[in-house]
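A.B. asks: Structure provided below as structure tokens; questions to follow.
Residue numbers (this note's numbering): 3 to 126.
Structure follows, in structure tokens:
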């Protein structure tokens, strides 16, 4: 298995499929945005983390960054840093209830494996 590093890609060399939001994910983003009028949407990024390699990072966005790609669905906006696209391109972001918890779930076709606790994923 080859080692994959977020700095080993040149994102400008790709044609992106993009990301999608389910209606429930879009509604949750709209709920978060409604709490602060300065918030424009949510940013989905990645960081090297966990035993599988990468973890998802989500932050509220008040000011988009120059290299952010913007995806809008059902009135909600998802920002994705260009550097994260090789790892999350094609991902569907959902918002689900699991027992007492409500969480964002990532249906990522690029994820080849995940750690046992579900906190990180790896690509090949």
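Note that CB positions come from ideal geometry on N, CA and C, so glycine has one too. These numbers come from a predicted model, not from an experiment.
Where in the region 14–90 do unbroken runs of the alpha helix (DSSP H), each at least 4 residues long, occur, reported from the N-terminal end onward?
C.D. replies: Correct list: 25–36 and 87–90.
A.B. asks: What residue does the beta strand (DSSP E) around residue 107 start on, and which one ends it?
C.D. replies: Looking at the DSSP string, the run of the beta strand (DSSP E) that includes residue 107 is 103–109.
A.B. asks: Identify which residue in 45, 18, 27 and 32 has its Cα closest to the Cα of residue 82.
C.D. replies: The shortest Cα separation from residue 82 among 45, 18, 27 and 32 belongs to 45.
A.B. asks: By a C-beta neighbour count over all protein chains shown, 10 Å radius and 16 as the cutoff for buried, is residue 113 buried or exposed?
C.D. replies: The residue is buried, with at least 16 neighbouring Cβ atoms inside 10 Å.
A.B. asks: Of the choices 58, 90 and 30, whose alpha-carbon is the least far from that of residue 20?
C.D. replies: Considering only alpha carbons, the answer is 90.
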